[in-house]
Amino acid sequence: MSASMFKRFVEPGRLALITYGPCAGKMCTIIDIVDQQRVVVDGPASVTGVRRHMMPIKRLSLTDFKAGIGRGAREKALKKALADGEVMKRWEATSWAKKLKAREVRKGMTDFDRFKVALARKKRSLAIKKLLKKK
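To convert, take the position in the sequence shown, counting from 1, and add 24; that gives our numbering.
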């Protein structure tokens, strides 16, 4: 077995999703590894809204994307690396990001919005049934 089954490593430049805490649901970039359980992350704040701070690895979900930065990179270098590699655009194109965005939209729906969606589903279902009956 020469090919490793693990592809997402905790390393500087790795894009991660924060899963717990006040910044939950936001993207961040690993800047430095403190020890086996903690890393320093940065958004940067102007891009994702996450400020530079220390965070337990258990609160992060690693993604497949990596920005080309070294250990302890400053915010300016991080912004440049994220922009050059179009990392955020590539993240937003993934099904994972689209599902998170759809979940946020559904969470913000009012009762009337949910009612309109239910009516649209019924209408679509009826149209499909009519098409299948014709054949």
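Note that the Cβ used here is the ideal one computed from N, Cα and C, for glycine as well.
#### Entry: Cβ-heavy atom distance, Ala-117 to the ligand SAH, below 7 Å
With respect to small molecules bound, the structure shown includes none, and the ligand SAH cannot be examined in it.
### Task
Determine the closest residue to Thr-72 out of Thr-53, Gln-61, Met-79 and Ala-97, with distance taken between C-alpha atoms.
Thr-53
### Message
Helix, strand or coil for Ile-93? Go by DSSP, reduced to three states.
### Response
coil
### Task
List the endpoints of the continuous alpha helix (DSSP H) containing Ala-117.
It is not in any alpha helix (DSSP H) - Ala-117 carries neither H nor E in the DSSP assignment.
### Message
I'd like to check one pair, Gly-49 with Leu-124: are the Cβ atoms closer than 8 Å?
### Response
yes
### Task
Given a cut-off of 8 Å, decide if Val-65 and Ala-91 are closer than it, judged by their beta-carbon atoms.
no
### Task
With Arg-38 as the anchor, note down where its beta strand (DSSP E) starts and where it stops.
38 to 42
### Message
Classify Met-78: buried if its beta carbon has 16 or more other beta carbons within 10 angstroms, exposed otherwise.
### Response
exposed
### Query
Do the stretch 132 to 145 and the stretch 101 to 117 touch if we need at least three Cβ pairs shorter than 8 Å?
no
#### Entry: Beta-carbon gap between Leu-84 and Thr-134 smaller than 8 Å
no
### Query
Exposed or buried, Ile-152, counting other C-beta atoms within 10 Å across all chains shown (16 or more means buried)?
exposed
### Query
Nearest to Ala-2 by CA position, among Ile-57, Arg-148 and Pro-68, is which residue?
The requested residue 2 does not occur in the structure, where the chain is confined to residues 25 to 159.
### Message
For Leu-143 and Gly-132, what's the separation of their Cα atoms in angstroms?
### Response
18 Å
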